[in-house]
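Structure first, commentary second.
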Amino acid sequence: MKQSESIQALFQAAQHGDVANTQSLLASLPELANTENEDGLTPLGYASHYGQADVVRVLLEHGAEVNAISHSRISFIPSNTALHASLAGERSPEVIRLLLEHGASTTILDSDGQNALHSAAFHTDQAELIHLLLQHDADPNALNSAGQTALEIALERGNTSTASCLQEAAAAKQQ
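Okay, here's the thing in structure tokens:
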């Protein structure tokens, strides 16, 4: 199998949660854990986006860089980390927890100038995810490149549960 075919196979496995194929590909070509596909996306970001916790775990066990920033060539997908990708995709609490437990940074900005908390405020009204990010040093007062806090984004998007969590966190941080 050519390198490009192996990369394509790994991304298919990542999308569909195919742990056995992921393990087999990484056993023979361990460097694939930190490769990018033709769109500039990483396998860890891809699996995270699709909520494939078991594949995320295998990729991390095989040395996938948890804070690697993709080089997206897709106009509507910013260059970002696996944590950003998980928050923009299926928003699997298990995947997000795995990434955070493996050292995913909540402060890295994607190419749109958003950190993980900004992405979460934009994409979700799941208080559980906001709490997870806050427990891992996400700053509720951090500004994105447009000068907005995650709270302002959540309010703008109508994510009331997220906004409530962020209001409490910002108030607690001021005390």
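As numbered in our numbering, residues 390 to 564 make up the sequence shown, in order.
Every residue gets a Cβ at the ideal spot worked out from N, C-alpha and C, and that includes glycine.
Same chain, Cβ closer than 6 Å to residue i, five either side skipped, listed in chain order
i, result
"serine 550", "Asp514 and Ala516"
"aspartate 428", "Arg462 and Ile463"
"glutamate 454", "Asn423"
DSSP three-state assignment for residue i, whether helix, strand or coil
i, result
"serine 553", "helix"
"leucine 418", "coil"
"leucine 449", "helix"
"threonine 562", "In the sequence on display, residue 562 carries lysine and not threonine. In the structure shown, lysine 562 sits in a helix (DSSP, three-state: H, G or I)."
"serine 393", "helix"
"aspartate 443", "helix"
"isoleucine 519", "helix"
"serine 413", "helix"
Exposed unless 16 or more other CB atoms sit within 10 angstroms - verdict on residue i
i, result
"proline 432", "buried"
"serine 417", "exposed"
"asparagine 530", "exposed"
"alanine 527", "buried"
"alanine 535", "exposed"
"glutamate 563", "Here residue 563 turns out to be glutamine, not glutamate, going by the sequence shown. Result: exposed."
Cut-off 7 Å between Cβ atoms - residues of its own chain near residue i, not counting five sequence neighbours on either side
i, result
"alanine 442", "Ser481, Glu483, Val484 and Leu487"
"alanine 558", "Leu523 and Pro529"
"alanine 543", "Ala510, Thr551, Ala552 and Leu555"
"alanine 505", "Leu472, His473, Leu476, Thr495, Leu522 and Ala527"
Other residues of its chain near residue i: CB distance less than 8 Å, five sequence neighbours each side excluded
i, result
"tyrosine 435", "Phe400, Ala403, Gln404, Asn426 and Ala474"
"aspartate 407", "Gln401 and Val444"
"alanine 398", "Met390, Asn410 and Leu414"
"arginine 446", "Leu487"
*Runs of alpha helix (DSSP H) wholly within the region 469-508 (minimum 4 residues, chain order)*: Secondary structure in the region 469-508: the alpha helix (DSSP H) runs of 4 residues or longer, each lying completely within the stretch, are 471-477 and 482-490 in chain order.
*asked:* Quick check: the region 456-468 against the region 497-506, are at least 3 beta-carbon pairs closer than 8 Å?
replied: Short answer: they touch.
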